[in-house]
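> Take this structure, written in structure tokens, and hold onto it; I'll ask about it next.
Residue numbers (the UniProt record's numbering): 1 to 162.
Here it is as structure tokens:
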């Protein structure tokens, strides 16, 4: 869908993938452990809510290496990846509409920017609660939240003057 520029359908698919992922985690009989969520590596203090390729999750899915426990799929990374894909698809849709309308469709694209900002705020808020639930240090959480908010603010103001 993404390659065909059918962004709404691609966004819906990533949302459904996130729902399935969440349902699968909740269905685990032993419940998710700290190891399943992720560690507190310094490289992870910087949020990657708009950088889906920061870690090669597709490679980890296709060819997991059981000997490299630190490189296994973690909820911390998967949730950021899924949000990043949805957010970037929404942005592509906004930018294409702005380009096509050359300023005439500001109300429509501003509404979509608002929807993305609201979705981002909800994601950051819920992810912060997860970090706290999994006993991440307050410094780690603060740095993650700050960088996530900065990334979201920066991308929402990009191309706003077209």
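Ideal placement from N, C-alpha and C gives every residue a C-beta, glycine not left out.
Can you find a heavy atom of the ligand HEM that lies under 7 Å from the Cβ of residue 144?
Summarising the ligand content, the structure contains no ligands, and the ligand HEM is consequently not present.
> Output needed for residue 120: all residues of its chain with C-beta closer than 6 Å, excluding positions within five of it in sequence on either side, in chain order.
Within the chain shown, numbered from 1, the residue matching residue 120 stands at position 120. For residue 120, the CB contacts under 6 Å within the same chain, skipping 5 residues up- and downstream, are 152 in chain order.
> What are the uninterrupted segments assigned as beta strand (DSSP E) that are 3 or more residues long and contained completely in the stretch 65-150, given in chain order?
none
> How do the stretch 76-84 and the stretch 10-23 stand: do at least 3 beta-carbon pairs fall below 8 Å, yes or no?
yes
> Determine the burial state of residue 129: buried for a count of at least 16 other Cβ atoms within 10 Å of its Cβ, exposed for fewer.
Along the chain shown, one-based indexing puts residue 129 at 129. With fewer than 16 Cβ atoms within 10 Å of its Cβ, residue 129 is classed as exposed.
> Below 8 Å on the Cβ atoms is my guess for residue 93 versus residue 14; work out the distance and round it to an integer in Å.
Within the chain shown, numbered from 1, the residue matching residue 93 stands at position 93. Within the chain shown, numbered from 1, the residue matching residue 14 stands at position 14. Contact between residue 93 and residue 14 does not hold, since the beta-carbon distance rounds to 13 Å and is not under 8 Å.
> Thinking C-alpha only, which one of 102, 155 and 74 is nearest residue 174?
The structure shown does not extend to residue 174, since the chain is modelled only from 1 to 162, so the question has no answer here.
> Run through DSSP, which three-state label would residue 47 get?
On the chain shown, residue 47 is found 47 positions in, with the first residue counted as 1. Coil.
> How many angstroms separate the CA atom of residue 102 from the CA atom of residue 108?
Against the chain shown, residue 102 aligns to sequence position 102. Against the chain shown, residue 108 aligns to sequence position 108. Residue 102 and residue 108: Cα-Cα distance of roughly 12 Å.
> How close, in whole Å, do the beta carbons of residue 154 and residue 89 come, if the pair is a contact with beta carbons under 8 Å?
The count along the chain shown starts at 1 and reaches residue 154 at position 154. The count along the chain shown starts at 1 and reaches residue 89 at position 89. Contact doesn't hold; Cβ gap of about 18 Å is too wide.
> Closest to residue 48 by CA distance: which of 134, 118 and 123 is it?
As a working note, residue 48 is residue 48 in the chain shown. Ranking the options by Cα distance to residue 48, first place goes to 123.
> When burial is assigned at 16 or more other CB atoms within 10 Å of the CB, is residue 146 buried or exposed?
In the chain shown, the residue the question calls residue 146 occupies position 146. Counting Cβ neighbours within 10 Å, residue 146 comes out exposed, since fewer than 16 surround it.
> Beta-carbon separation of residue 117 and residue 91 under 8 Å?
Counting from 1 along the chain shown, the entry for residue 117 is found at position 117. Counting from 1 along the chain shown, the entry for residue 91 is found at position 91. Cβ distance not < 8 Å, so residue 117 and residue 91 don't count as in contact.
> Can you tell me whether residue 85 is buried or exposed, with buried defined as 16 or more other CB within 10 angstroms of its CB?
Within the chain shown, the letter at position 85 stands for residue 85. Looking at its Cβ environment, which holds 16 or more other Cβ atoms inside 10 Å, residue 85 is buried.
> When we look at the beta-carbon of residue 100 and count the other beta-carbons within 10 Å, is it buried (16 or more) or exposed?
Locating residue 100 in the chain shown gives position 100, counting from the first residue. Exposed, because fewer than 16 other Cβ atoms sit within 10 Å of the Cβ of residue 100.
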